[in-house]
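For the sequence shown, full-length UniProt numbering begins at 1 and goes up steadily by one. Glycine is no exception: its CB is placed at the ideal position from the N, C-alpha and C atoms. Predicted, not measured: the structure shown is a model, and the values here were computed from it. Comments concern the structure below.
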Amino acid sequence: MNLYFKTYLSNPLKSFALIRHQQQDWQKWALFMSETIGKEHLAYAHEMRSELPTAFDLQEASRSIELLITYYELNPNELASGKLLGYSQPGAALSAMDCYALGMFNYFQKEYTKAEIWLNASLLKYDSSQEAKYSIFINEKSIHKWLGILSIKRRENSLGMWHINQAKTEHYDGILEEHITMATLKEHCAASLQRPSHLHCRYNNWTTPFLRIAPLKMEELSIDPFVVLYHNVIYDSEIEWFLTQSFDYTPALLDYGGFSAHRSGKNVFIELEKGELVKTIEMRVTDMSGLSMEGSDDLSLINYGIGGHYIPHHDSFSEEENKTEDRIATALFYLSDVELGGATTFPLLNLTISPEKGTAVLWHNLKDSGTPHPKTVHAACPVIVGSKYVMTKWIYNMDQIFRRPCQANSLNS
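Shown next, in the form of structure tokens:
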């Protein structure tokens, strides 16, 4: 090794940047070249892989930088600018990708404060004019995503959601969704019903011809995704019938217990053949939604006792489930008042709906394009005092071809 390289590598910032570049960037460049460059360049890139630093090498290099910061009380932002102990090191400034790598190293070491400092440094150094280059390695969305998660971990939910909105992420991956929903769930469960001021209460007299003579009281809660709350939409006599039928249908509904990490509640499906009232409620769901009940699930009655809950989830199916059809909409009827707790919350919409006997919330799970809407993630908050009875109707998309056809070029896609 000649003197130049020895001198170059003796600088810890330059050494780290080189190791990170060779360990992280080289393979991504190889993938990039497989699409745009000839076979000779690609073969050389693959040949060099065995000579490049490993993931362990990068971890050790990252650890070395953190040791320097700890022992010499160095400022990470000064290091990012190429300064060691106040002295500028020519050509030693770290790139946005270097800072991002140090941020992620600290994140997985559970050093969240350090991770946030490095990710903020990465964001400051990010040059949006070089978006094409960054897209091969990282992008601004990735930085905002992890800053959002870190802010939520510190319970700074407003800042966290700002970063996540900056990321403009259409699909919330498992890690992101878990942190968003679980971190904000407590405050939403404790909140009263929040009604956006720009939305309206009105009588729905247009969804079906029948509503022209018997409109339904409808409260708009969200436009995108579509979420509405119907008031006095199921009568006490109807509720009493359903509760009586459910008790006869399965005594186990009364035997509350059996907690799980995901859901604690008793469930029974009420088939269409059970009586005319079931058909009446299904027709009412059509009035509420404008959608066909053909091919939909049976009505599902659920009881949540003390502590009864359902963790954040989507009603639409995941890609892994590989279903040929999907739940286009959900209607959720509240069959009882709950003394304390038991709200339905949509954390990403800042909506919390307290159970009120006789009301029903209706929402669309899919976009107009037919793809799942990420913001429909919702949860059932734990019941504190009382017993909560709800009835759910899931509506499927395959039978809506004439009522709500897929619009691939829709703005809501």
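| Item | Value |
| --- | --- |
| According to the neighbour-count rule (16 or more other Cβ atoms, all chains shown, within 10 Å of its Cβ), is Phe-259 buried or exposed? | For Phe-259, the predicted structure reports a pLDDT of 42, less than 50, and the residue's modelled location is therefore unreliable. A value from the coordinates is still provided. Exposed, by the Cβ-count rule. |
| Given Leu-366, which residues of its chain have a CB within under 7 Å of its CB, disregarding the five upstream and five downstream residues? | Ser-316, Asp-326, Ile-328, Pro-372, His-373, Asn-397 |
| Near Ser-339, which residues of its chain fall below 6 Å by C-beta distance, leaving aside the five closest residues on each side in sequence? | For the record, residue 339 in the displayed sequence is Glu; it is not Ser. If we look at Glu-339 and ignore the five residues flanking it on each side, its Cβ neighbours are Val-385, Gly-386. |
| Smallest Cα separation from Pro-209: which of Met-288, Ile-239, Met-218? | Met-288 |
| What's the gap between the Cα of Tyr-126 and the Cα of Val-227? | 37 Å |
| With distances taken from CA atoms, which of Glu-131, Glu-238, Ala-96 is nearest Ile-117? | Ala-96 |
| With a threshold of 16 other CB atoms inside 10 Å of the CB of Ser-88, please say whether the residue is buried or exposed. | exposed |
| Helix, strand or coil for Ser-289 per DSSP? | helix |
| Compute the distance between the beta-carbons of Ala-121 and Ala-61, then report whether it is under 7 Å. | no |
| Might you give, ordered along the chain, the residues of its own chain that have their beta carbon closer than 6 Å to the beta carbon of His-364, omitting 5 neighbours on each side? | Pro-225, Phe-226, Ala-329 |
| Can you tell me whether Phe-259 is helix, strand or coil according to DSSP? | Annotation note: pLDDT 42 at Phe-259 (below 50); position unreliable, coordinate value reported separately. In the structure shown, Phe-259 sits in coil (DSSP, three-state: anything other than H, G, I, E or B). |
| Residue 414 by DSSP, collapsed to three states: which one? | The question about residue 414 has no answer here: the residues shown for the chain are numbered 1 through 413. |
| Along the alpha helix (DSSP H) that carries Leu-119, what are the first and last residues, could you check? | 112–125 |
| Could you tell me which of Asp-399, Pro-355, Asp-368 sits nearest to Cys-381, measuring between CA atoms? | Pro-355 |
| Run the CB neighbour count on His-188, radius 10 Å, all protein chains shown included, and call it buried at 16 or more, exposed below. | buried |
| Report the rounded CA-to-CA distance for Ser-300 versus Ala-214, giving the unit in angstroms. | 26 Å |
| Considering only the alpha carbon of each residue, which of Lys-388, Asp-298, Phe-242 lies closest to Phe-307? | The residue you asked about is not Phe; residue 307 is Gly in the sequence shown. Looking at the Cα atoms, Lys-388 is the closest of the given residues. |
| Around the Cβ of Ser-128, are there at least 16 other Cβ atoms within 10 angstroms (buried) or fewer (exposed)? | exposed |
| My assumption, with CB atoms under 8 Å, is that Asn-204 sits in contact with Met-218. Please give the rounded CB distance. | 4 Å |
| Kindly identify the DSSP beta-bridge partner or partners of Cys-99. | DSSP output for Cys-99 lists no bridge partner at all. |
| Quick check on the burial criterion: 16 or more other C-beta atoms within 10 angstroms. Buried or exposed for Val-390? | buried |
| Kindly indicate the opening and closing residues of the alpha helix (DSSP H) around Pro-12. | 12–20 |
| In angstroms with no decimal places, state the Cα-to-Cα distance between Val-383 and Tyr-310. | 10 Å |
| Given Met-283, which residues of its chain have a CB within under 6 Å of its CB, disregarding the five upstream and five downstream residues? | none |
| Report all residues from its chain with a CB closer than 6 Å to the CB of Ile-234; omit the five preceding and five following residues, and keep chain order. | Phe-333, Gly-358 |
| Verify whether the separation of the beta carbon atoms of Trp-241 and Leu-216 is less than 7 Å. | no |
| Whose C-beta lies closer than 7 Å to the C-beta of Ala-55 among residues of the same chain, with five residues either side of it excluded? | Gln-23 |
| Name the DSSP bridge partner or partners of Gly-308? | Looking at the DSSP assignment, Gly-308 forms no beta bridge with any residue, so it has no partner. |
| Excluding the five sequence neighbours on either side, which residues of its own chain have a C-beta within less than 8 Å of the C-beta of Trp-146, listed in chain order? | Gly-103, Met-104, Tyr-107, Ala-115, Leu-119 |
| Under a Cβ-count criterion, where at least 16 other Cβ atoms within 10 Å of its own Cβ denotes burial, should Ser-237 be classed as buried or exposed? | exposed |
| Confirm, please, whether the CB-CB distance from Asp-399 to Glu-294 is below 7 Å. | yes |
| Can you name the start and end residues of the beta strand (DSSP E) that Thr-359 belongs to? | Where Thr-359 is concerned, there is no enclosing beta strand (DSSP E), given that its DSSP letter is neither H nor E. |
| With DSSP collapsed to three states, give me the class of Ser-88. | strand |
| Determine the closest residue to Leu-58 out of Tyr-71, Leu-18, Lys-83, Pro-76, with distance taken between C-alpha atoms. | Leu-18 |
| Quick one: does the C-beta of Leu-185 sit closer than 6 Å to a heavy atom of the ligand ATP? | Ligands in the displayed structure: none, and consequently the ligand ATP is not present. |
| Quick one: measure Cβ to Cβ for Leu-221 and Leu-199, integer angstroms, because I've assumed they're closer than 8 Å. | 7 Å |
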